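K.L.:
Just dropping this structure here.
There are 2 protein chains.
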Amino acid sequence: MVSKAGAKFSEVKDLLMKDEEFKTEYEKLKPRYDVISQIIEARTIQNITQEELAFRVGTQKSNISRLESGTYNPSLDFLSKVARSLGKEVQITLK
Amino acid sequence: MVSKAGAKFSEVKDLLMKDEEFKTEYEKLKPRYDVISQIIEARTIQNITQEELAFRVGTQKSNISRLESGTYNPSLDFLSKVARSLGKEVQITLK
DNA sequence: TACCATGTTATCATATACGATAACATAATT
DNA sequence: AATTATGTTATCGTATATGATAACATGGTA
Numbered sequence: 001m002v003s004k005a006g007a008k009f010s011e012v013k014d015l016l017m018k019d020e021e022f023k024t025e026y027e028k029l030k031p032r033y034d035v036i037s038q039i040i041e042a043r044t045i046q047n048i049t050q051e052e053l054a055f056r057v058g059t060q061k062s063n064i065s066r067l068e069s070g071t072y073n074p075s076l077d078f079l080s081k082v083a084r085s086l087g088k089e090v091q092i093t094l095k
Numbered sequence: 096m097v098s099k100a101g102a103k104f105s106e107v108k109d110l111l112m113k114d115e116e117f118k119t120e121y122e123k124l125k126p127r128y129d130v131i132s133q134i135i136e137a138r139t140i141q142n143i144t145q146e147e148l149a150f151r152v153g154t155q156k157s158n159i160s161r162l163e164s165g166t167y168n169p170s171l172d173f174l175s176k177v178a179r180s181l182g183k184e185v186q187i188t189l190k
């Protein structure tokens, strides 16, 4: 059935689809955002600059900025090194 | 003081040093081993072959074997994809 | 013995994570 | 206004993660 209502429906469906896509994308990226949030929070609470954290990790401040920006897919080792430099341990649970 | 006892001590110290190194190394790699253990356990419990898991993830069985061997440093996205293919979510906590 | 299922190891190509440096933006402080 | 501190963005080179294929080992089963 082709109608304005039908058109509207497909539009809504498209929106829902996009929303699903969004949800799926978000679900995929959730672990990344979650761990980054915790890193930023820990660093902020401890009043440490990106530069200081970078020094402890053994890298550059730009790399910490890049990590915190969430624009790439970090390795487990790197996350672990950063966490340890903040006096924390990365604990991963499959649930 | 140089003596046989001294020699022994330095030997023991070396062993302890090595043990420290080992401990440090282990601590560094702990998150990796931990998550891999959980992946292997989940896959085994669910009676899924590496090949089937690879298919779900969208990769090859050799890559799953490589992951489970713990011989390299996986990315967060890859770990997340594998976990999701096992019906689980990667949950990271900085503690 | 000859499959067959499962997992391992090696290897290559490609994509990308990461180290590193520099330039820039902005806000706070002197 | 001129520093200074902090964070961001761009870029390049190198190391390595990952996709992909193939060969191999091993254990179970017909």
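Quick note, the sequences are listed as chains A and B, same order. Each residue of the first sequence is one higher than the one before, starting from 1 at the first, in the working numbering. Each residue of the second sequence is one higher than the one before, starting from 96 at the first, in the working numbering. A virtual CB, placed ideally from N, CA and C, is assigned to each residue, including glycine. Remember, it's a predicted structure, so these values are computed and weren't measured experimentally.
How would you label ILE140 (chain B), buried or exposed, when you count the other beta carbons within 10 angstroms and need 16 or more for buried?
P.N.:
So ILE140 (chain B) counts as exposed.
K.L.:
Is there contact between the region 150-160 of chain B and the region 55-65 of chain A, where contact requires at least three CB pairs shorter than 8 Å?
P.N.:
No, because fewer than three Cβ pairs between the region 150-160 of chain B and the region 55-65 of chain A fall closer than 8 Å, the two stretches do not touch.
K.L.:
Mind checking whether LEU94 (chain A) and LYS183 (chain B) have CB atoms under 8 Å apart?
P.N.:
Cβ atoms of LEU94 (chain A) and LYS183 (chain B): closer than 8 Å.
K.L.:
Taking Cβ-Cβ distances shorter than 8 Å, what residues in chain B pair up with LYS23 (chain A)?
P.N.:
Near LYS23 (chain A) there are no residues of chain B at all, since even the closest Cβ is about 13 Å away, more than 8 Å.
K.L.:
Of the choices B:ALA178, B:PHE117, B:VAL185, B:GLU122, whose alpha-carbon is the least far from that of ARG151 (chain B)?
P.N.:
When only C-alpha atoms are compared, the closest one is B:ALA178.
K.L.:
Name, please, each residue of chain A whose Cβ falls closer than 8 Å to the Cβ of VAL130 (chain B).
P.N.:
By Cβ distance, chain A contributes LEU76, ILE92, LEU94.
K.L.:
Grab me the residues of ILE131 (chain B)'s own chain with a C-beta within less than 8 Å of its C-beta, minus the 5 sequence neighbours each way, in chain order.
P.N.:
Cβ within range, chain order: LEU162, GLU163, GLY165.
K.L.:
Mind checking whether the beta-carbon of GLU163 (chain B) lies closer than 7 Å to any heavy atom of the ligand COA?
P.N.:
Judged by which ligands are present, the structure shown has none, so any question about the ligand COA falls away.
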